[in-house]
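*Asks:*
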Amino acid sequence: MVDGTPDEREWVDPPESFVAQANVTAADRDAFRAAGWPECWRRAADLLEWDRGFDAVLDGGASAGTDDEGSIRWFPGGRLNAAHNCVDRHVEAGRGDETAVAWEGKLGETRTYTYRELHDEVNAFAAALRELGVGEGDVVTLYLPMIPELPVAMLACARIGAPHSVVFAGFSADALATRLSGAESEFLVTCDGYYRRGAALDLKRRADNACVSVSHSVEQVVVNRLDDGRPAGDCHAYADLVDDHAGATVEPVARESDDLLFLIYTSGTTGEPTLVRHTTGGYLTHVAWTSHAVLDLGPDDTHWCSADVGWITGHSYAVYGPLALGATTVLYEGTPDHPETDRLWEIIERNDVDVFYTAPTSIRAFMKWGEEHPARHDLSSLRLLGSVGEPIDETAWHWYRDHVGDGDCPVVDTWWQTETGGIVLSTLPGADRMRPGAVGKSLPGVETAVVDETGRHADDGEAGQLVVTRPWPGMARSLCEESGWGARRTRRVDGEWQYATGDNAVRDADGYLHLLGRADDVVKVSDRRLSTAEIESAIVGVEGVAEAAVVVGADDEAAHRSEIHAFVSPESNVAGDDALRERVGRAVEEAIGSIAVPDVVTFAPSLPKTRSGKVVRRYLAAIANGEELGDTSALRNPEVVGELESLLDR
Ligand code: PRX
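Just so you know, the sequence shown maps onto residues -1 to 648 in the working numbering.
1) Measuring from the CB of Gln415, is there a heavy atom of ligand 1 at a distance below 7 angstroms?
2) Buried or exposed, going by whether 16 or more other CB atoms sit within 10 Å of the CB of Asn571?
3) Straight-line CA distance for Thr283 to His234?
4) First and last residue of the beta strand (DSSP E) that includes Ala447?
5) Within this structure, are the beta carbons of Val582 and Val599 separated by less than 8 angstroms?
6) With a 10 Å radius around its C-beta and 16 neighbouring C-beta atoms as the bar for buried, classify His313 as buried or exposed.
7) If you drop the 5 nearest sequence neighbours on each side, which residues of the same chain put their C-beta closer than 6 angstroms to that of Gly332?
8) Who are the near neighbours of Gly574 in its chain, counting only those whose CB is closer than 6 angstroms to its CB and skipping five residues on each side?
9) Within the chosen definition, does the region 329 to 346 reach the region 97 to 114 through at least 3 CB pairs nearer than 8 angstroms?
10) Return yes when the C-beta of Gly462 is under 7 angstroms from any heavy atom of ligand 1, and no when it is not.
11) In chain order, which continuous runs of the beta strand (DSSP E) of length 3 or greater are located wholly inside the region 14 to 67?
12) Is Lys522 near ligand 1, with its Cβ less than 7 angstroms from a heavy atom?
13) My output table needs one value for Pro568: the three-state DSSP class, helix, strand or coil.
14) Tell me the rounded alpha-carbon separation between Glu637 and Ser379.
15) Report the residue ranges of all alpha helix (DSSP H) runs contained in full by the region 102 to 165; include only those spanning at least 4 residues, in chain order.
16) Answer yes or no: do Gly443 and Val504 have a C-beta to C-beta separation smaller than 8 angstroms?
17) Does DSSP put Asn635 in a helix, in a strand, or in coil?
18) Can you tell which of Ala33, His88 and Asp506 has its C-alpha closest to the C-alpha of Arg7?
19) Mapping DSSP to helix, strand and coil, what is Arg655?
20) Closer than 7 angstroms to a non-hydrogen atom of ligand 1 - does that hold for the CB of Pro297?
21) With a threshold of 8 angstroms, are at least 3 pairs of Cβ atoms found where one atom belongs to the region 293 to 304 and the other to the region 121 to 139?
22) Going by other Cβ atoms of all chains shown within 10 Å of its Cβ, with 16 needed for buried, is Val639 buried or exposed?
23) Of all the options Gly266, Ala461 and Val491, which has the alpha carbon lying nearest to the alpha carbon of Arg468?
24) With C-beta atoms as the reference, is Val422 less than 8 angstroms away from Trp470?
25) Which class does Met432 belong to by DSSP, given the choice of helix, strand or coil?
26) Buried or exposed, going by whether 16 or more other CB atoms sit within 10 Å of the CB of Gln218?
27) Quickly, what does DSSP pair Ile562 with across the bridge? List them, please.
28) Is the separation between the beta-carbon of Gly279 and that of Phe73 shorter than 8 angstroms?
29) For ligand 1, is there a heavy atom less than 7 angstroms away from the beta-carbon of Leu259?
30) Please confirm whether any heavy atom of ligand 1 lies closer than 7 angstroms to the CB of Thr359.
31) Hey, could you find the ends of the alpha helix (DSSP H) Pro372 is sitting in?
32) Is the beta carbon of Arg616 within less than 7 angstroms of some heavy atom of ligand 1?
33) Given Ile345, which residues of its chain have a CB within under 8 angstroms of its CB, disregarding the five upstream and five downstream residues?
34) Pro408 to Ala429, Cα distance in whole Å?
35) Along the chain, where does the beta strand (DSSP E) containing Ser265 start, and where does it finish?
36) Closest by CA to Leu127, which one among Ala436, Pro143, Thr110 and His162?
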């Protein structure tokens, strides 16, 4: 992929018409860079309204590039409120009648909220939360599907300074319980059910099960009803609370820049979900600036980020980023192929979407469904396309641009992570040339390198781990505080601060980065981040299972996702049969949710191991994908590889 001389590699230029209207031109980019790090981020912070100006852009040892291990603080002394920035200031600017949220329901229904309506409902719900006892700093867990009440609840929490913790609605009761406990969250907002491919799922039952299994008490539960009426049991109806507090005004709490805006759990490299915390000032600055510079959004735009708000992508680019800039954000509750495979194109056409941001896994599904589906719709409102979550190959990149972007929309491939809060690698669509298959360079204000295991910078063309070498505003707070390469994945190498991203990458001769996938046990399945260790730990908890290893295979075209493949070795007197297979599936569904249930379970007498006893997943992945194994002689038990291959009959 990075072979070949630079002139053999393809460059694509953004169209003149795009450059002429872009928020950030090459001159703006250069001026941003010229301001120097970290001062350049002062310009980004100007996109927000601060209640109190900050004393410095950055405080902390890493800022000076010294060996000081002190904690890092972005915009110290500054105070602001995220809900004020995302809602009130647009109403105050006379834009109250413009659409903030355009919601497309699963069953074809639609709802829109103008900025004024959003303001009113956020205020009413914020007043209700206060009355329920939520104070500044209290964590409110939001276990809600893609309905407008989710961003309303997020902003209501932000308004009163209560960090939210959104839990993806597809997660199980156990997964919710772990997240409620980890955050010691005493407040839960959920709903009684939601539709998935036409079927209603019972979220409230899962929430009830979670609440009884946590050790602390969940004091208040708010339930948004699918149908009219009061929820059963000891909880509050969302609609009643909002009605009772209609017309209330809650003064936005001026939060310190460093105060938490939200917590979010993601999959790490261990069997437990990892808690990531994001700050108010740094995070909001980062997502507002990247929405402005990379997604090229402004108040006249309609933006659609198709990710679920339960994941970081939805937090940053369906809620906080576009709303901070006063744009319209489209929220879609359903799936791309229900009721028909042209559902997304129909939504883009009807809403005149300007910027569409989705994941390669979806693009691959669109390709399979056929170009005739986008072709049937008028997609001429689109002016920019974005991709996120996995590497996008050149074929998918071109298909996306040709069949969705009418052959001339710029496509930004954006690389980032839950821990980075917002985009850190991408081209700037109004300033940089694009190279299909490469994400581009680090954004201005961000510095990265590819390093070997010792932290030495790799040469161009040499693969290694991607590290970020300077702090950036959207960085998770846990990266600012703790120390040690292991826990927070930061270290110092010859005085250089390095955050290890866990991704492998290679830089080409032009400085463009090509992402090669994860270096650790984190996997992306349908752009959702899962941990093989987490799935394995659920499987080995099943009675009769001795060992398990999970790998991810190629795309399963029917399911529009990559296959999760589990190799399970039962205890010696236990049969690897369908009953055990079912118990394995059920255990994963209970521990995490149906998104993580293995598509294939292969029982094996043992798993391929190194002489030191470590399972070699590389071989298992090759077996699952029917690929060549290469030399297996370094294994302690090379014979097991042949046995596994014959079991899979590949
Ligand atoms: O492996 C990288 C992949 O997604 C991981 C982060 O996943 P998550 O924390 O769920 O964040 C999702 C929002 C970005 C990364 O470590 N990844 C993300 N974007 C890209 C990518 N891999 C290649 N190219 C990308 N553009």
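Built from N, CA and C at the ideal position, the CB exists for glycine as well. Keep in mind it's a predicted model, so treat the numbers as computed, not measured.
*Replies:* This is what the structure gives:
1) As a working mapping, residue 415 is identified with position 417 in the sequence shown. Flag set: Cβ of Gln415 near ligand 1.
2) Along the sequence shown, one-based indexing puts residue 571 at 573. Exposed is the call here.
3) Working through the sequence shown from its first residue, we reach residue 283 at position 285. Working through the sequence shown from its first residue, we reach residue 234 at position 236. Roughly 35 angstroms separates the two Cα atoms.
4) As a first step, residue 447 must be located in the sequence shown, where it is residue number 449. Counting along the chain, the beta strand (DSSP E) containing Ala447 begins and ends at Thr446 to Val449.
5) For the purposes of this step, residue 582 is identified with residue 584 of the sequence shown, where counting begins at 1. For the purposes of this step, residue 599 is identified with residue 601 of the sequence shown, where counting begins at 1. Yes.
6) Working through the sequence shown from its first residue, we reach residue 313 at position 315. Buried: at least 16 other Cβ atoms inside 10 Å.
7) The residue given as residue 332 occupies position 334 in the sequence shown. So the qualifying residues of the chain are Lys104.
8) Here residue 574 refers to the residue found at position 576 when the sequence shown is read from its first residue. Around Gly574: Pro568 and Phe601.
9) yes
10) As a working mapping, residue 462 is identified with position 464 in the sequence shown. For ligand 1, not one heavy atom lies less than 7 angstroms from the Cβ of Gly462.
11) none
12) For the purposes of this step, residue 522 is taken as the residue at position 524 of the sequence shown. Checking every heavy atom of ligand 1 against the Cβ of Lys522, one is found closer than 7 angstroms.
13) Position 570 of the sequence shown, counting from 1, holds the residue named residue 568. Three-state DSSP puts Pro568 in a strand.
14) As a working note, residue 637 is residue 639 in the sequence shown. As a working note, residue 379 is residue 381 in the sequence shown. About 58 angstroms.
15) 113 to 129 and 147 to 158
16) Taking the sequence shown and counting its residues from 1, the one referred to as residue 443 is at position 445. Taking the sequence shown and counting its residues from 1, the one referred to as residue 504 is at position 506. No, the pair does not count as a contact, with Cβ atoms beyond the cut-off.
17) Counted from its first residue, the sequence shown places residue 635 at position 637. Note: Asn635 maps to coil in three-state DSSP.
18) For the purposes of this step, residue 7 is identified with residue 9 of the sequence shown, where counting begins at 1. The residue with the shortest Cα to Cα distance from Arg7 is Asp506.
19) Examination of residue 655 is not possible in this model, given that the chain is present from -1 through 648 alone.
20) For the purposes of this step, residue 297 is taken as residue 299 along the sequence shown, with counting starting at 1. Result no, Cβ not under 7 angstroms from ligand 1.
21) No, because fewer than three Cβ pairs between the region 293 to 304 and the region 121 to 139 fall closer than 8 angstroms, the two stretches do not touch.
22) Numbered from 1 along the sequence shown, position 641 holds the residue referred to as residue 639. Burial call: buried.
23) For the purposes of this step, residue 468 is taken as residue 470 along the sequence shown, with counting starting at 1. Of Gly266, Ala461 and Val491, the smallest CA-CA separation from Arg468 is found for Val491.
24) Your numbering for residue 422 matches position 424 in the sequence shown. Your numbering for residue 470 matches position 472 in the sequence shown. Closer than 8 angstroms, so yes.
25) Sequence index remark: in the sequence shown, residue 432 carries index 434 (1-based). Here Met432 sits in strand by DSSP.
26) As a first step, residue 218 is located in the sequence shown; it is residue number 220 there, counting from the start. Per the 10 Å Cβ criterion, buried.
27) On the sequence shown, residue 562 is found 564 positions in, with the first residue counted as 1. Per DSSP, Val550.
28) Here residue 279 refers to the residue found at position 281 when the sequence shown is read from its first residue. Here residue 73 refers to the residue found at position 75 when the sequence shown is read from its first residue. Yes, the Cβ-Cβ distance between Gly279 and Phe73 is below 8 angstroms.
29) Here the question's residue 259 lines up with position 261 in the sequence shown. No, since every heavy atom of ligand 1 falls outside the 7 angstroms radius drawn around the Cβ of Leu259.
30) Here residue 359 corresponds to residue number 361 of the sequence shown, with the count starting at 1. Thr359 Cβ: outside cutoff for every heavy atom of ligand 1.
31) Position 374 of the sequence shown, counted from the first residue, corresponds to residue 372. Glu370 to Ala373 is the span of the alpha helix (DSSP H), which, as asked, contains Pro372.
32) The residue given as residue 616 occupies position 618 in the sequence shown. The closest heavy atom of ligand 1 lies 7 angstroms or more from the beta carbon of Arg616.
33) In the sequence shown, the residue the question calls residue 345 occupies position 347. Around Ile345: Glu102, Trp302, Val328, Tyr330 and Val351.
34) To locate residue 408, count along the sequence shown from 1; it is residue 410. To locate residue 429, count along the sequence shown from 1; it is residue 431. If you take the alpha carbons of Pro408 and Ala429, they lie about 11 angstroms apart.
35) As a working note, residue 265 is residue 267 in the sequence shown. From DSSP, the beta strand (DSSP E) with Ser265 extends over Leu258 to Ser265.
36) The count along the sequence shown starts at 1 and reaches residue 127 at position 129. If we check each option's Cα against that of Leu127, His162 comes out closest.
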